[in-house]
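Data block below; observations after.
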Amino acid sequence: MKYLKPSVLAASLLLIGATQANAGYLFTDLGPLNSYAIGINNAGQVVGASIHATLWSGGIATDLGTLGGTHSEAHGINNAGQVVGASGTTGDAARHATLWSGGTATDLGTLGGTHSWAYGINNAGQVVGASYTTGDAVFHATLWSGGTATDLGTLGGTHSYASGINNAGQVVGGSYTTGDADFHATLWSGGTATDLGTLGGSGSVANGINNAGQVVGASHTTGSTGWHATLWSGGTATDLGTLSGTHSWSWAQGINNAGQVVGYSDGRPTLWSGGTGTDLNSFLSASNVNDGWVLGDVSGINDNGWIVGTAFNLKTGEEHAYMLSISAVPEPETSAMLLAGLGLVGAVARRRKTTQA
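For the sequence shown, the working numbering gives the first residue as 2, with consecutive numbering after it.
Laid out in structure tokens, this is it:
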């Protein structure tokens, strides 16, 4: 009597492994049309924009409004639900860093220049971003705390910006070095700006920091102007690699307190966890794919491992904000695939036993 080849058994086991890995992720289309998501807190509240800054909470999208101008966008949210971003002022004369808290939009002001932007907020309500200084000749990394805007300075060059802040008040971003020779990832801590360096190339940027002080961003590698996703931890810069090999590119956008990193590799949204990079599209269910969804962008991850970004629908041509959340219960179609795979393994085992008897 014939029995299935070992390769078929191996394929079924791979199927089971893949579906188990993907079974915990649920794709949620946050909508509406032409929306995008940028940040998420540990309560699963999501921020981004759809013409105006938008907060998604409990399945409801709320327009956060503006400072009197036409447009606004949200970039960050803390665990208290305070949201930061930027908004046009009355008559769209300027764009100012904005804090939305308790239903009220507050203009955070500038360092004396015309425009400012807010990109991150910690649980103490400290906000970071960038602002033009008096005369609008340069923009600098900025910290707003207790109603005061503080110029964080640069690494000796003209421009800098801040993209993230942790609960210890450590700030990350990027700055031009002396003479504007290069642009480097920067850590501001205790009033001191530290050049985080590169992976051997000329430039680098920092996009996020967790409460352990681990920083993520991207860097040029030795002899190349291509970007590789980078983790700075304990004074060491680590190349997180790419999904397609040495000569491709990658970029890290955010990190949670478990050390999970999200970003891009070769144009694909990517999760790095435990040293391994995974295309987030592999977490979509068969029904998500059949509905036309492709994940094109990833912007944030919370401490539960929930991920947000922007998805594209191949059937409708629309872009929508999305969330990938983790559920302990597999979806029905995933359960069916698991049972089918287990049934195949069981059949192989029974057939082998019969053959040997």
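Cβ atoms here follow ideal geometry from the backbone N, Cα and C, with glycine treated the same way.
C-beta contact flag for residue i and residue j at 7 Å
i, j, result
"Gly114", "Asp137", "yes"
"Gly70", "Gly86", "no"
"Ser251", "His221", "no"
"Thr239", "Leu232", "yes"
"Leu325", "Phe284", "yes"
"Ser234", "Gly202", "no"
"Asp64", "Tyr323", "no"
"Leu197", "Ala186", "yes"
"Asp267", "Ser300", "no"
"Pro270", "Gly227", "no"
"Gly110", "Ala150", "yes"
"Gln46", "Ser36", "no"
"Asn42", "Ile78", "yes"
Per DSSP, the bridge partner or partners of residue i
i, result
"Pro33", "Pro33 is not bridged to any residue."
"Ala62", "Trp57"
"Ser88", "Ser73, His97"
"Glu319", "Paired residue(s): none; Glu319 is not in a bridge."
"Leu232", "Val217, Thr239"
"Tyr265", "Trp252, Pro270"
"His141", "Ser132"
"Ile41", "Val47"
"Leu27", "Ser326"
"Trp294", "Asn314"
"Trp118", "Ala131"
"Gly157", "Thr178"
"Gly275", "According to DSSP, which records beta bridges pairwise, Gly275 is partnered with nothing at all."
"Thr149", "Ser146"
"Leu68", "Thr90"
Burial state of residue i, where buried means 16 or more other Cβ atoms lie within 10 Å
i, result
"His321", "buried"
"Val128", "buried"
"Val172", "buried"
"Leu34", "exposed"
"Ala94", "exposed"
"Ala182", "exposed"
"Gly175", "buried"
"Pro331", "Residue confidence for Pro331 is low, a pLDDT of 47 falling below 50, so the modelled location carries little weight; the figure read from the coordinates is stated next. Result: buried."
"Ala24", "Residue placement at Ala24 is poorly supported in this model, since its pLDDT is 46, which falls under 50; the coordinates still yield a value, given next. Classification of Ala24: buried, given that the 10 Å Cβ count is 16 or more."
"Thr159", "exposed"
"Asp298", "buried"
"Asn289", "buried"
"Ile61", "exposed"
"Ile327", "exposed"
"Gly192", "exposed"
"Thr277", "exposed"
"Thr135", "exposed"
"Asn209", "Going by the sequence as given, residue 209 is Gly instead of Asn. With 16 or more other Cβ atoms within 10 Å, it is buried."
"Ala312", "buried"
"Leu272", "buried"
"Val48", "buried"
"Thr99", "buried"
"Gly218", "buried"
"Asn291", "exposed"
"Glu334", "The predicted position of Glu334 is uncertain, since its pLDDT is 47 and thus under 50; a value taken from the coordinates is nonetheless stated next. Label assigned to Glu334: exposed."
"Ala142", "buried"
Pick from the options that is closest to residue i, judged by C-alpha positions
i, options, result
"Ile39", "Ser328, Asn123, Ile308", "Ile308"
"His53", "Thr67, Ile41, Gln171, Ser288", "Thr67"
"Leu27", "Thr317, Gly306, Phe313", "Gly306"
"Lys316", "Ser300, Tyr177, Val295", "Val295"
"Ser73", "Ile327, Ser146, Trp118, Ala230", "Trp118"
"Trp101", "Gly82, Asp93, Ile41", "Gly82"
"Gln254", "Ser245, Gly246, Gly260, Gly264", "Gly264"
"Asp108", "Thr29, Asn124, Val84, Asn123", "Val84"
"Gly121", "Gly157, Asp30, His76, Asp292", "His76"
"Ala131", "Ala125, Asn124, Phe140", "Phe140"
"Asn258", "Asn167, Gly148, Gly278", "Asn167"
"Ile180", "Gly192, Thr193, Gly157, Tyr162", "In the sequence as presented, Ile is not what sits at residue 180; that position holds Gly. Comparing Cα positions, the closest option is Gly157."
"Thr178", "Ala169, Tyr162, Ser190", "Tyr162"
"Ala194", "Ser36, Ser203, Gly201, Gly170", "Gly170"
"Gln215", "Gly260, Gly110, Ile78", "Gly260"
"Thr55", "Gly293, Ala106, Arg96, Thr91", "Ala106"
"Asp304", "Asn80, Gly218, Ser58", "Asn80"
"Thr223", "Gly204, Ala213, Gly236, Thr237", "Gly204"
"Gly236", "Gly227, Ala219, Leu188", "Leu188"
"Ala44", "Ile302, Thr279, Ala207, Gly92", "Ile302"
"Gly148", "Ala125, Gly154, Tyr133", "Ala125"
Minimum length 3: unbroken beta strand (DSSP E) runs contained in the stretch 169 to 218 = 172 to 178, 184 to 190, 193 to 196, 201 to 210
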